[in-house]
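Engineer: My numbering puts the sequence shown at residues -8 to 224.
Backbone N, C-alpha and C fix where the C-beta goes; we use that ideal spot for every residue, glycine too.
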Amino acid sequence: MRTRPRILRLLLDPRITLVAALVVLQFFAAEWVVSATWRGQYSYRNDQIGPLGLEFCGPQGRWPCSALYPVMNVSFVLTGLAIAVVASSWAVRRIVTFPHAGAVTIAGIGLAVSGIITEKTDYQQHSAALTTFFVLASVGLAMIGFSGSTRLAAGIRVFTAIAGTVATVAFISYATGLTGWFGSGGTQRLIIYPILIAIVVAGVSSGRVRASASTEPGVSDPEVTRLHPVTTG
């Protein structure tokens, strides 16, 4: 029997996927708290999400934002890392193919980086990291949903495919300046929200599925023959 690295053993545990998926939910709470404590008027429709991580904002960067702005940056990091863990666990447990899971993992890392490198620190690097999240997460989730090799329940696959497609179309609209219907902030959220909701739904669903015995730590055969639900009795 081979001894597997600790990180691999953790990723093989369905509970890790479940917990990481639920961690994503804190993003919505953090966003609401920080936006609600702005000293100015924050609009989900007109204001993008990046300024929530800034102490000062406005056209000249002199307007006070929220004193709780660090909460949003921490949330970016936690959410990004949680997404990366969910996607990595999918790959290790062979629920999703490595290319698709890899795209979502990189996307999660991009979101985490955008919380470390804020708009004030370096606007271009922040934008690059956030765009990496937008593109790879939306397209990656769409491909996960449409792929016949994805080992998620049929309904979850359909939901993931729709969420990824909506996020992809929203990103194209956002990138080309087609934001008249929902505003700049609203269009950006049409990218982010479907991605996060799909991660939570698919992650929780897959958290109840265990990889076959051939992928369990200490078993030599690396191939997955099937997935089966976790049962108690």
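Output the distance between the C-alpha atoms of V62 and I107, rounded to the nearest integer angstrom.
Structural biologist: Start at 1 with the first residue of the sequence shown, and residue 62 comes out as number 71. Start at 1 with the first residue of the sequence shown, and residue 107 comes out as number 116. If I take the Cα positions, the gap works out to 12 Å.
Engineer: Roughly how many angstroms separate the alpha carbons of V83 and A73, rounded to a whole number?
Structural biologist: Indexing the sequence shown from 1 puts residue 83 at position 92. Indexing the sequence shown from 1 puts residue 73 at position 82. Going from the Cα of V83 to the Cα of A73 covers about 15 Å.
Engineer: Whole angstroms is fine: what's the gap from C48's alpha carbon to S26's?
Structural biologist: As a first step, residue 48 is located in the sequence shown; it is residue number 57 there, counting from the start. As a first step, residue 26 is located in the sequence shown; it is residue number 35 there, counting from the start. Taking the straight line from one Cα to the other gives about 13 Å.
Engineer: Below 8 Å, can you find three or more Cβ-Cβ pairs linking the segment 23 to 38 to the segment 115 to 126?
Structural biologist: no
Engineer: Evaluate T167 with the Cβ neighbour count: other Cβ atoms within 10 Å of its Cβ, from every protein chain shown; 16 or more gives buried, anything less gives exposed.
Structural biologist: Taking the first residue of the sequence shown as position 1, residue 167 is located at position 176. When all chains shown are included, T167 counts as exposed.
Engineer: What are the start and end residues of the alpha helix (DSSP H) that includes S105?
Structural biologist: To locate residue 105, count along the sequence shown from 1; it is residue 114. Unbroken alpha helix (DSSP H) run through S105: 89 to 107.
Engineer: When the Cα atoms are used, what is the spatial distance from L16 to V76?
Structural biologist: As a position in the sequence shown, residue 16 is number 25, starting the count at 1. As a position in the sequence shown, residue 76 is number 85, starting the count at 1. Going from the Cα of L16 to the Cα of V76 covers about 14 Å.
Engineer: Can you give the Cα-Cα distance for L69 and C56, rounded to whole angstroms?
Structural biologist: Position 78 of the sequence shown, counted from the first residue, corresponds to residue 69. Position 65 of the sequence shown, counted from the first residue, corresponds to residue 56. Approximately 22 Å, taken between the alpha carbons.
Engineer: Can you give the Cα-Cα distance for R0 and I190, rounded to whole angstroms?
Structural biologist: Your numbering for residue 0 matches position 9 in the sequence shown. Your numbering for residue 190 matches position 199 in the sequence shown. For R0 and I190, the distance between alpha carbons rounds to 21 Å.
Engineer: Tell me the residue span of the alpha helix (DSSP H) that contains A75.
Structural biologist: Residue numbering aside, residue 75 sits at position 84 when the sequence shown is read from its first letter. Looking at the DSSP string, the run of the alpha helix (DSSP H) that includes A75 is 60 to 83.
Engineer: I need the straight-line Cα distance from I153 to L2, nearest angstrom please.
Structural biologist: Walking along the sequence shown from the start, residue 153 turns up at place 162. Walking along the sequence shown from the start, residue 2 turns up at place 11. Here the alpha carbons of L2 and I153 stand approximately 26 Å from one another.
Engineer: Where do the N-terminal and C-terminal ends of the alpha helix (DSSP H) with I39 fall, by residue?
Structural biologist: Taking the first residue of the sequence shown as 1, we reach residue 39 at position 48. Sequence check: residue 39 is Gln here, not Ile. Element bounds for Q39: n/a, residue is neither H nor E.
Engineer: Relative to the C-alpha of R85, which residue among R180, L187, L169, P5 is closest?
Structural biologist: In the sequence shown, the residue the question calls residue 85 occupies position 94. Comparing Cα positions, the closest option is P5.
Engineer: Among all the DSSP beta bridges, which residues are the ones paired with W54?
Structural biologist: Mapped onto the sequence shown, residue 54 falls at position 63. Answer by DSSP bridge pairing, in chain order: C48.
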